[in-house]
Amino acid sequence: MSTDNDTDSGSNSCKAPDSDGEVAEDIAIVAFERKMDTAEEIVDGIGDRYESVEILAYHGDVFEEHWGEYDCFVGLMASGIAMRKTAHLLDDKWDDPAICVVDEELTWAIPITGGHHGANQVADDLASMGAVPAMTTASEAAGKQGVEKQAKALDAHVVNGDSTVATNLAVLDDELGPVERLDGPKAVLVDDDVSVLERNGDDGVVLGCGSVAGADVEQFHEAWDRALDAADCDREDVEFVATGTRKADEEGMLAAAEEWGLGVVAFEKGTLAEFEGPSPSRSKELIGWPGIAESSAIAGGREHELLAEKARYDEAVTVAIGR
1 MSTDNDTDSG SNSCKAPDSD GEVAEDIAIV AFERKMDTAE EIVDGIGDRY ESVEILAYHG
61 DVFEEHWGEY DCFVGLMASG IAMRKTAHLL DDKWDDPAIC VVDEELTWAI PITGGHHGAN
121 QVADDLASMG AVPAMTTASE AAGKQGVEKQ AKALDAHVVN GDSTVATNLA VLDDELGPVE
181 RLDGPKAVLV DDDVSVLERN GDDGVVLGCG SVAGADVEQF HEAWDRALDA ADCDREDVEF
241 VATGTRKADE EGMLAAAEEW GLGVVAFEKG TLAEFEGPSP SRSKELIGWP GIAESSAIAG
301 GREHELLAEK ARYDEAVTVA IGR
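Following the UniProt record's numbering, the numbering of the sequence shown begins with 1 at its first residue and continues without gaps.
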């Protein structure tokens with residue numbers, strides 16, 4: 001059985017989940033015949049979050065037979081079975097499909113391989129059905145956002161995968177700092193401890209955002225929705241949220257972005273000054289910073305253009321939209 005939204009999952013080679021930002025789009029639920037009802041329940045519960053979902057009846061060679069056709073296998077089985085049946089197939093974490101196992105009662109969702117390449121994502125989705133996601137990747141276990149997860153949140157992908165060993169260690173030590181943007185055309189020479197993120201697609205908008213200290217999640221959500229509606233845009237059009245480093249720790253904004261599945265990019269003062277917006281800002285007079293909402297929207301946009309000038313909502317959150 002399958003549900004398919006435009007894509008064909010029958011290719012002969014792995015789709016390489018990193019090619020679309022560590023996002024699992026095509027998944028297969030592998031289940032014993034006696035567990036088919038639970039497999040159907042999973043499809044009903046989270047199937048609409050993926051391009052395609054197929055249910056495969058378990059047999060000894062099912063993984064090998066379908067290896068490379070899906071971004072992630074969801075094994076409705078004991079973790080030991082999935083491990084023994086796939087160990088000899090594993091080659092490279094950037095190319096191998098992810099594997100997440102879940103028990104019949106939907107109590108635990110356990111990423112086995114490819115945590116940053118789809119398995120953690122599936123485990124998070126299964127959490128909406130009551131399963132507890134048991135993630136062991138270091139950054140998630142420490143409650144931090146690893147480079148691969150940053151790439152996903154920014155609708156980007158990691159070009160040089162081997163670099164993430166060093167950069168994720170820096171994440172754990174709070175030493176990585178904000179993602180920096182570099183415009184081309186330009187040739188760049190980097191060391192092997194620099195992760196290069198390349199955007200997916202060729203469109204989308206950026207929410208430039210400033211706020212008063214302590215603005216809450218709902219104030220951000222309402223402001224973003226109203227700003228997008230005024231600009232004739234939808235939530236699905238947003239690539240990420242942009243702000244200044246002086247606002248990068250606003251808990252309400254970070255939580256609101258996470259609920260929308262968006263990343264947050266914080267630009268330094270010098271970058272914002274380079275892309276200063278047209279509207280006057282008191283912060284420039286008071287503390288020497290250009291207006292954060294417009295300048296971060298322009299700095300983050302692909303074309304460095306301002307689609308909608310800043311507007312303030314509920315006297316708390318200021319939003320501009322860049323593209």
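Where a beta carbon is used, it is the ideal one built from N, C-alpha and C, also for glycine. Given the structure is predicted, the values throughout are model-derived calculations rather than measurements.
- D225 is the residue among T245, S163, D225 and R282 whose C-alpha sits nearest the C-alpha of A256.
- Note that the C-beta distance between L272 and G244 is below 9 Å.
- When Cβ pairs closer than 8 Å are counted between the two stretches, the region 176-187 is seen not to touch the region 208-216, the count staying below three.
- Annotated three-state conformation of F73 is strand, per DSSP.
- Within the model, the alpha-carbon separation for F267 versus I292 is close to 9 Å.
- Per DSSP, reduced to three states, the secondary structure at E303 is coil, with no helix or strand assignment.
- For K85 and V101, the gap between their C-alpha atoms comes out near 13 Å.
- The closest CA to that of W94, considering only H88, S163, D37 and A131, is found on S163.
- Separation of L306 and A98 (C-alpha to C-alpha, rounded to the nearest whole angstrom) is 39 Å.
- Counting C-beta atoms within 10 angstroms of its own C-beta, V264 has 16 or more neighbours from the protein chains shown and is therefore classed as buried.
- By the C-beta density criterion, I287 is exposed, having fewer than 16 other C-beta atoms within 10 angstroms.
- Taking G204 as reference, the option from D192, F220 and L228 with the minimal CA-CA separation is L228.
- Each of H117, A131 and C209 was checked against the Cα of A151, and the nearest Cα belongs to H117.
- Counting along the chain, D225 sits inside the alpha helix (DSSP H) bounded by residues V217 to A230.
- Under DSSP, H157 shares a beta bridge with E198.
- With contacts defined as CB atoms closer than 9 Å, A297 and A223 fail to qualify as a contacting pair.
- When C-alpha distances from E104 are compared across D48, A131, G114 and G201, the shortest belongs to A131.
- Distance from the CA atom of S295 to the CA atom of V159, rounded to whole angstroms, is 27 Å.
- The beta carbons of A230 and A320 sit no closer together than 9 Å.
- Each of I55, V238 and A28 was checked against the Cα of D37, and the nearest Cα belongs to I55.
- If you look at A119, you'll find it in the alpha helix (DSSP H) that goes A119 to A127.
- Taken in chain order, the complete beta strand (DSSP E) segments of 3 or more residues contained in the region 49-93 are 52-57 and 72-76.
- By the Cβ neighbour-count rule, K35 is buried, with 16 or more other Cβ atoms within 10 Å of its own.
- Proximity to E250 across G270, F220 and E276 peaks at F220, based on C-alpha coordinates.
- Rounded to whole angstroms, the gap between the alpha carbons of D191 and V147 is 16 Å.
- With 16 or more other Cβ atoms inside 10 Å of its own Cβ, K310 counts as buried.
- According to the DSSP assignment, T243 belongs to the beta strand (DSSP E) that extends over V238 to G244.
- Beta bridge pairing from DSSP links C100 with V74 and P111.
- Shown here, T137 sits in coil according to DSSP, grouped into three states, outside any helix or strand.
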